[in-house]
Ligand code: FAD
């Protein structure tokens, strides 16, 4: 290393963790954390939940500003990285200056996908990613009457749940034939469909949006692809996110639905690492490449990249987990159910608290839990330990699954 230090682009969950881990692991070179946002790195999940509901809810910093000062982390807020020059080994910033680096972490996250439809740029049509977006939505939401949410994924449904709690008329338009189709199995989709309908939202499946209607620049409604019109004074776009790969691509790094990294999070240039929403990595459980969008993934990969940068690379081997709070219901997912061939239920949906254990053949690969936090925690430990409880044990609520977890539960393939 030449003493230039490490530059981290992106002050979100992953970037902040990478900086903290570098210091915790004894790295004493320069650490610069470049963030396009104005706020000290903060928790994103509340933005679609408590922050929207309560106008007095403040942002929750991941770490206090004093942490960065004490740890001698040069936190550059409101600063955008404009280019990476790999030959020169530097990052160019929007103020025209350049930051030389020995190691570089790309933690640029993702941005909301904006549908290519007429009316998407009207006033009152809002996506949600940043605190600024959330403030804009919150300002409008409390005075709105009719809210249309385009997209029945996690974020869209969380906002829909919040808007219903605030007494708004809520319509969710989902193009596919079930909710949250990318990450949950049909049984969970159905349960949440019933919940949202029970709370009074109109959930329209297999209903792609056609265009957004407006009057003098303001959104007034949405027209479905089938030609039906729905009034709206607020339209939320929740159709997923696109990884921020522009810098990596322009620098000539390998990019394919995210920055392509190896199992230590190293990109196609060994000085560069990518983590979190922007990283495309081979998942140990699936045996194929994937990009995940979750706090746990960003934080754990931030830690992994930092370890590699201090000379202790290790393969990324964490059990992924996610959560989503909709209305007053908590959905928690451990593992990935994509390759599941069968599933076993523990508890009853009609009781409002149940889990679904998913198996690929005989192997437990994922556990989805609705208001059953203990099953979720256990699922994470069972999957990490490679323990697959038999179906009849899982289905038996009196069975003590905890006893199946080995005391020193080391992750296993
Ligand atoms: P981010 O946290 O998005 O950080 C990326 C940062 O990089 C941003 O601040 C961006 O401005 C900055 N950046 C990008 N380009 C540049 C540049 N050129 N120069 C400088 N800075 C740049 N996950 C869960 O597990 N549970 C939840 O309940 C949950 N709820 C969510 C609710 C909302 C509303 C959103 C938006 C996300 C939610 N997520 C949730 C997902 C989770 O927040 C993300 O997966 C996580 O933030 C990813 O972390 P990251 O560090 O990869 O990216």
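Residue numbers (the numbering used here): 907 to 1319. Note that CB positions come from ideal geometry on N, CA and C, so glycine has one too.
Listed as beta-bridge partners of residue 1061 by DSSP are no residues whatsoever. In the structure shown, residue 1299 falls within a helical segment according to DSSP collapsed to helix, strand and coil.
Non-local beta-carbon contacts of residue 1076 in its own chain, meaning distances under 6 Å to residues more than five positions away in sequence, involve 1053, 1066, 1069, 1070 and 1107 in chain order. Considering only 925, 911, 1153 and 909, the residue with the shortest C-alpha distance to residue 1204 is 925.
Every beta strand (DSSP E) of 3 residues or more that sits fully in the stretch 1208-1271 is shown, in chain order, as 1227-1232, 1235-1241, 1248-1254 and 1259-1266. The Cβ atoms of residue 1248 and residue 1261 lie no closer than 9 Å to each other.
Here the stretch 1231-1251 lies against the stretch 1092-1100, with 3 or more beta-carbon pairs under 8 Å apart.
Looking at the DSSP output, residue 1179 shares a beta bridge with 1011 and 1172.
The continuous alpha helix (DSSP H) containing residue 1092 extends over residues 1092-1104. Beta-bridge partners of residue 1275 (DSSP): 1238 and 1261. Contact check for residue 1144 and residue 1062: beta-carbon distance about 3 Å, within the 8 Å limit, so the pair qualifies. Taking a contact to require three or more Cβ pairs closer than 8 Å, the stretch 1216-1229 and the stretch 1157-1164 do not qualify as touching.
In the DSSP assignment, residue 984 falls outside any alpha helix (DSSP H), carrying neither H nor E.
In this model, residue 1115 and residue 995 are separated by some 45 Å (Cα to Cα). By the Cβ neighbour-count rule, residue 1152 is exposed, with fewer than 16 other Cβ atoms within 10 Å of its own.
Separation of the CB atoms of residue 911 and residue 1013 is rounded to 16 Å, and the pair is thereby denied contact status at 8 Å. The C-beta distance from residue 1291 to residue 1264 rounds to 16 Å, too long to meet the 8 Å contact threshold. Runs of the alpha helix (DSSP H) spanning 4 or more residues and lying entirely within the stretch 1026-1075 occur at 1037-1047 and 1060-1071, in chain order. The beta carbon of residue 1276 sits closer than 6 Å to those of 1237 and 1260, all from its chain and outside the five residues before and after it, given in chain order.
Here the C-alpha atom of residue 1244 lies approximately 10 Å from the C-alpha atom of residue 1191. When C-beta atoms of the stretch 986-1000 are compared with those of the stretch 934-954, three or more pairs fall below 8 Å, so the two segments count as touching. Remark: three or more beta-carbon pairs, one from each stretch, lie closer than 8 Å, so the stretch 1119-1139 and the stretch 1019-1028 are flagged as touching.
At least one heavy atom of the ligand FAD lies closer than 8 Å to the C-beta of residue 1199. When rounded, the separation of the alpha-carbon atoms in residue 1102 and residue 1110 is 11 Å.
The stretch 1171-1185 makes no contact with the stretch 1034-1046; the number of CB pairs closer than 8 Å stays below 3. When C-alpha distances from residue 1140 are compared across 1047, 1009, 1226 and 955, the shortest belongs to 1047. In the structure shown, residue 928 falls within a helical segment according to DSSP collapsed to helix, strand and coil. In the structure shown, residue 975 falls within a helical segment according to DSSP collapsed to helix, strand and coil. For residue 1202, the shortest C-beta to heavy atom distance toward the ligand FAD is below 8 Å. At the C-beta level, residue 1015 and residue 913 stay beyond 9 Å of one another. Residue 1227 counts as buried, since no fewer than 16 other beta carbons sit within 10 angstroms of its beta carbon. Contact annotation: residue 954 and residue 1034 have beta-carbon atoms nearer than 9 Å.
For residue 1001 and residue 946, the gap between their C-alpha atoms comes out near 19 Å. A direct Cα-Cα distance of roughly 10 Å separates residue 1308 from residue 1283. One alpha carbon belongs to residue 1222, the other to residue 1189, and they sit about 8 Å apart.
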